[in-house]
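Residue numbers (our numbering), protein chains in the order written: chain H, 777 to 1186; chain A, 777 to 1186.
Here a beta-carbon is modelled for each residue, glycine too, at the ideal position from N, C-alpha and C.
So the structure is just underneath, and the comments pick up after that.
Protein chains: 2
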Amino acid sequence: MTSSPDRRSTGMPTVTMIGGGQLARMTHQSAIALGQCLRVLAGGADDPAAQVSANVVLGSHDDLEALRAAAEGSVAVTFDHEGVPLAHLQALEAEGVQVRPPSKALHFAQDKLAMRTKLAALGLPVPDFADLSGNVAAAREVLTAFGETHDWQVVIKAVRGGYDGRGVWLTDSREEALAVFDAQAGGDTVLMVEQKVAMARELSAMIARSPYGQGAAWPVVETVQRHGQCAVVLAPAPGLSDDAAQRAQQMSLKLADELGVVGAMAMELFETVDGELIVNELAMRPHNSGHWTMDGAVTSQFEQHLRAVLDYPLGDTSARSDVVVMANILGADTAPEMSMDERLHHLFARMPEAKVHLYGKSERPERKIGHVNIVGQPGESVEDVRERAERAAQWMSTARWTDGWDPHGE
Amino acid sequence: MTSSPDRRSTGMPTVTMIGGGQLARMTHQSAIALGQCLRVLAGGADDPAAQVSANVVLGSHDDLEALRAAAEGSVAVTFDHEGVPLAHLQALEAEGVQVRPPSKALHFAQDKLAMRTKLAALGLPVPDFADLSGNVAAAREVLTAFGETHDWQVVIKAVRGGYDGRGVWLTDSREEALAVFDAQAGGDTVLMVEQKVAMARELSAMIARSPYGQGAAWPVVETVQRHGQCAVVLAPAPGLSDDAAQRAQQMSLKLADELGVVGAMAMELFETVDGELIVNELAMRPHNSGHWTMDGAVTSQFEQHLRAVLDYPLGDTSARSDVVVMANILGADTAPEMSMDERLHHLFARMPEAKVHLYGKSERPERKIGHVNIVGQPGESVEDVRERAERAAQWMSTARWTDGWDPHGE
């Protein structure tokens, strides 16, 4: 564990982010504008944020000593992932460290069963669910009864640690569900089960909340999932009624208030075929569904997260355009021979308006290695903007244009 | 001279910028999005860019060995100021380093006499000027004759090294002009003299040019100068005819082409009371008159500078709004008691839409320590947007609201 010197000299605060991934990398960009340098606790010097910040502490988020070293002298500690053991955060809080969001709120982002239970208690719409922790035989009976009730259209989830489709098993039959259960139960993974929702699409209601209690909501977006992870975000969600958008924002703001969240928060929602909104997941940090704000909103989620963590007044969340589309650049099944540098060259030649954000990560299948934002021109349709964003992201992933364009042709 | 390790791992190129000031700091923000980390040659670890980049070489831009160390392994070397000795750049070029802009172009940004002579030879409109270098007695005679011709409305300039009003003396009489000459001549400062232009206002035509020869121009802006340095930028220049704007852009693009400029370039212009455009200064780098592009244009000058230096295709230079205003935050005569952190807090409370960029510099009178961009809403007048931008910048400088607002009042 090593620490680079703290080079600030102008009396501006230092914020520490636990985790050196792309969220920390992009938060650092916003920290620079605010006169700061983000301090990052990173697992390795090659982590996306460690590559670019002057203030890196190398160490593990599981190691309380590393957390203490990273927190030393900074005004607040925040996160680019949900993986820090709650007991460590409670220890830091007991030592006077400002942990934001605080452990009492983060608990609900780390533990899906606690989250579901809390949301249900607050009267927020959630899918039916049941606890599969504890005694294996008893839990198997709970699952069987739950499955029968829901025609075996159920989702088994790891209570902790799942993300981007990991730790989530969608099942369609008694056999499938019990097979998943039997494979997982009794091990380290604590399980729960949920009703599969007949959804029309997925939405995300992103907000931020400051310790002072100020809340601010961005426009509600539609998230398009592929292989269990976010692939495309349409901002704002096409065709969503003002009433539904407002309900989603209110739910997200209210929940953040109830839980005492500090920072950015994404509330992922299902819109059912009947137009109902049901809460799916929570993330108490900048989130993939907010990447569009970097180029498409007056205040980006990364700046807003810092403002919230620092208890600054929050920024204007207005969109800069009627349509903004974000598409993730994912590692291809086979990494293209053409270098990322050359791919970027060709992309810029075709789309001078594309805003590209690369994370400095090596390419692995389905790994999020960057994203592209396209901010629509006045009058452009969401279909047109989306087509360009997806074409750009696909090119950056695979070095193939979906429309057959040959960069070396005529 | 020390160097931090090169932590990139994804095969993206490294660009080196000579100079660790705010221009390098903001270029680093753009480098991050492009999957890179800007390497900076900085005089000290407290320099604005050295505070935030993971790749810092400490050393002087006057030291060829430091320049070599900073260039090592990077694909191109570029600049955040014009102060690097030309002979050093020529030495680097002879060793195969890609110096961008190349020394043959940068020469004209470093030497105002060479620039004036070249521009006149290219038929571009420049003020009348004369060479005051060489023999002091002969130069004094040249100045006397030049002064008589122009009714002693003349500007004496240092041929090299002046910026932000330094090295520029505006004089109104024979006595004043000769006093400046006598005080400066015969020392290290090489002088020239120019006709004072009866100007209505100052403009800036910013462009970028790639080695491939692609050029791209941002909207022409009006720059408001105070105490010899840029204070406010209005984008686009209010009331400038399309014809005049196009002429300015064409002049800037043409000149960049003639000189072989690579990167961003600002051509500062006088608009005379007769509506003529006359070239004043050149800067071959990101420039204060382009800071509005960070929030107000599809492609910022910092991203564009990197794209040009890397020979990537250039980005879309369209404005995001009909009116964008930038106001510099300057150190006050007496630094306010209220900390910068607290000032920022109050600013955000009053203006959630203000985009603030702080440079991590200590406060000294008239020193540029940050800037504020306000992107106008549809239908907003330039006066309204400017008033907010100037009010915000003034507050950040002095901790006083120009409109008398009391943040602790009712």
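DSSP, reduced to helix, strand and coil, places H:Q1001 within a strand of the structure shown.
The stretch 804-813 of chain A makes no contact with the stretch 869-881 of chain A; the number of CB pairs closer than 8 Å stays below 3. When C-beta distances to chain A are compared with 9 Å, the residues of the stretch 1081-1092 of chain H below that value are R1083, L1086, D1087, Y1088, P1089, L1090, G1091, D1092, in chain order. The continuous beta strand (DSSP E) containing A:D907 extends over residues 905-907. Only residues of its own chain outside the window of five on either side were considered, and among them V935, R936 have a CB closer than 7 Å to the CB of H:D887, listed in chain order. In the DSSP assignment, A:S1173 falls within the unbroken alpha helix (DSSP H) covering 1158-1174. Contact between A:L834 and A:E858 is ruled out by a C-beta separation of about 21 Å, above the 8 Å threshold. In terms of Cβ geometry, A:L1053 and A:M1043 do not form a close pair [threshold 7 Å].
The C-beta of H:L799 comes no closer than 7 Å to any C-beta of chain A. Beta-bridge analysis with DSSP links H:Q971 to H:V930. In the DSSP annotation of this structure, H:H1147 is not part of any alpha helix (DSSP H); the continuous beta strand (DSSP E) holding it starts and ends at 1144-1151. In terms of beta-carbon proximity, H:E1118 stays away from the interface with chain A, with every pair separated by 7 Å or more. The beta carbon of H:L1082 is closer than 7 Å to those of V791, T803, S806, A807, L810 in its chain, skipping five residues each way along the sequence.
Per DSSP, the beta-bridge partners of A:E978 are A:T999, A:F1046. For the pair H:V1074 and H:S1094, the CB atoms are nearer than the 7 Å cut-off.
DSSP, read as helix, strand or coil, puts H:K1131 in strand.
The CB of H:L1106 never comes closer than 9 Å to any CB in chain A; the least such distance is about 15 Å. With respect to chain A, the C-beta atom of H:R1140 has no partner C-beta closer than 7 Å.
At a cut-off of 7 Å between beta carbons, H:V1074 contacts chain A. Along the stretch 810-830 of chain A, the positions whose C-beta sits under 7 Å from a C-beta of chain H are L810, G811, C813, A821, D822, A826, Q827, V828, S829, A830, read in chain order. H:P789 reaches chain A at D1117, counting residues in chain order whose Cβ is nearer than 8 Å. The contact set of H:V1132 on chain A, defined by CB atoms closer than 9 Å, consists of A809, L810, G811 in chain order. Put simply, the CB of A:R1164 is far from chain H, with every gap to its CB atoms at 7 Å or more. Residue state for A:N1064 is assigned as helix, using DSSP reduced to three classes.
By the criterion of a C-beta distance shorter than 6 Å, H:V832 is surrounded in its chain by S780, V816, A818, A826, once the five residues flanking it on both sides are discounted. Secondary structure at H:M793: strand, using DSSP grouped into helix, strand and coil. Judged by their CB atoms, H:R1167 and H:T1178 are nearer to each other than the 7 Å cut-off.
The contact set of A:R1096 on chain H, defined by CB atoms closer than 7 Å, consists of R1096 in chain order. Collapsing the DSSP output to three states places A:E869 in a helix. In the DSSP assignment, H:G1039 is bridged to H:R985. By the C-beta density criterion, H:V1049 is exposed, having fewer than 16 other C-beta atoms within 10 angstroms. Rounded to the nearest angstrom, the Cβ distance from A:E978 to A:T947 is 19 Å, too far for a contact under 8 Å. By the criterion of at least three beta-carbon pairs nearer than 8 Å, the stretch 1117-1134 of chain A is in contact with the stretch 1145-1160 of chain A. The C-beta of A:H1063 comes no closer than 7 Å to any C-beta of chain H. Bounds of any alpha helix (DSSP H) do not take in A:E1113, whose DSSP letter is neither H nor E.
The beta-carbon of H:H1147 is placed no less than 7 Å from the nearest beta-carbon of chain A.
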